[in-house]
Amino acid sequence: MNQEVHKPPLLVLVGPTAVGKTAVAIEMALRLRGEVVSADSMQVYRGLDIATAKPTPAEMKGVPHHLFDVVDPDEEFNVARYRDLAREAIAQIHERGNLPILSGGTGLYIKAVLGEFLFPDTSRSPQLREELTAFAEKEGPEALHARLAEVDPESAARLHVNDIRRVVRALEIFIQTGVPMSQHLAQAAAPAESHYRTAQIGLTRPRQQLYERINQRVSVMIEQGLLEETKDLLASGMLKEGSVAAQALGYKEMRRFLEGECTLDEAIARLQRATRRYAKRQYTWFRHQAKIHWFDVSQWPDPPTAAQAIIPHVRRRLDWHKEGPPRL
């Protein structure tokens, strides 16, 4: 802790999807002079709003949010670019005298910002990527995923069969280095010196309650217009096979309904099931991060109460005494 005293402060708020991170982060920002930096790999894309559960301006309550709507869905975006943009946003927040709150569920993005993830020593190969993508288009994503499973079963287990972009990247890394991506990640997960003085907070709930919240969130997304958002993305060509947008939870399921492959009820059930599985994977990832201090938010009636209860831990850990909303 003594060595960290001169490092800039950073509040990190993590947890599985639908646990309530967004609302708690906003309430903490209003009380700690904070600004929120999104750590969600899909919220960086413009137009992916309902499916990625971006908060509305009303829900933000005047708290600045960063790294929403950074690129179009057909642009390439990776963890290295995210790290650079996030650190730049964090530095600007510090300059304003506010507390950056890094909040989201993409664990790899968070580790990269903290300096706890070492990037594999490879450059992207357009030719190799095109060859692997063409293989997936010809033989199907299952065949591509099977190739990955042969050389890197751990990464194959972690990546969805339809996540063609990341399956291709994992194969790229193995072909170029001879070392599975999972091994690179294991080496990167070794204890490393963080760039910041952090308070790392994890939010959790009883599993059944979390699953009920997930089911309810999907229902709300349908009411908010997830089908219409999917139609718009299809019309703009952003949902072609292998595109970033196509990998976001919600669009694939709605597309199957729109193309007559299933009923709306079946599409909703599939989305709820896929989201529950995703939450389980997120929780497993974060549970392996030793520095996270966990809070069961089900013990409090609402986000403001939860924030009030967690803030004393944050103040002690960061030696942060500023109060009230952020100064802009």
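Take 2 as the starting number for the sequence shown in the working numbering and just add one per residue. Backbone N, C-alpha and C define an ideal beta-carbon position, used for all residues, glycine too. Model, not experiment: these values are computed from the prediction.
What is the DSSP secondary structure of V15, reduced to helix, strand or coil? The sequence position of residue 15 within the sequence shown is 14, counting from 1. Of the three classes helix, strand and coil, the one that applies to V15 here is strand, per DSSP.
Local conformation of H330 per DSSP, three classes: This structure leaves residue 330 out entirely; the chain is present only between 2 and 329.
Delimiting residues of the alpha helix (DSSP H) encompassing G21: On the sequence shown, position 20 is the one that residue 21 refers to. Per DSSP, G21 belongs to no alpha helix (DSSP H) and is neither H nor E.
Going straight from the alpha carbon of G325 to that of A246, what length do you get? Translated into the one-based positions of the sequence shown, residue 325 becomes position 324. Translated into the one-based positions of the sequence shown, residue 246 becomes position 245. A straight-line Cα-Cα distance of about 37 Å links G325 and A246.
Where does the unbroken beta strand (DSSP E) through A200 begin, and where does it stop? Position 199 of the sequence shown, counting from 1, holds the residue named residue 200. Taken as a continuous stretch (DSSP letters only), the beta strand (DSSP E) holding A200 covers 198-205.
Same chain, Cβ closer than 7 Å to R277, five either side skipped, listed in chain order: Translated into the one-based positions of the sequence shown, residue 277 becomes position 276. The residues are Y212, I215.
Looking at the structure shown, is S156 part of a helix, part of a strand, or coil, going by DSSP? On the sequence shown, position 155 is the one that residue 156 refers to. S156 carries a helical assignment under DSSP once its states are collapsed to helix, strand and coil.
Considering only residues of the same chain and omitting the five flanking positions on each side of M2, which have a CB-CB separation below 8 Å? If you number the sequence shown from 1, residue 2 lands on position 1. Below a pLDDT of 50, predicted positions are generally treated as unreliable, and M2, at 49, falls in that range; no measurement from the model is reported.
Enumerate in chain order the residues of its own chain whose CB-to-CB distance from R206 is below 8 Å, with the five nearest sequence positions on each side excluded. Mapped onto the sequence shown, residue 206 falls at position 205. V20, G21, R214, D297, V298, S299, listed in sequence order.
Can you tell me which of I27, V152, G141, E151 puts its alpha carbon nearest to the alpha carbon of D164? To locate residue 164, count along the sequence shown from 1; it is residue 163. Its Cα nearest to that of D164, the residue G141 stands out among I27, V152, G141, E151.
Distance cutoff 9 Å, beta carbons only. Does K112 sit that close to anything in chain B? Structure shown: chain B not included; a single protein chain is present.
Only counting runs of 3 or more residues, tell me where the beta strand (DSSP E) segments fall wholly within the stretch 225-299, in order along the chain. Correct list: 294-297.
For R198 versus P9, is the C-beta distance shorter than 9 Å? For this step, residue 198 is matched to residue 197 along the sequence shown. For this step, residue 9 is matched to residue 8 along the sequence shown. Cβ distance < 9 Å, so R198 and P9 count as in contact.
Three-way DSSP call (helix, strand, coil) for P45 in this model: Taking the first residue of the sequence shown as 1, we reach residue 45 at position 44. Note on identity: in this sequence residue 45 is Val, with Pro being the wrong assignment. In the structure shown, V45 sits in coil (DSSP, three-state: anything other than H, G, I, E or B).
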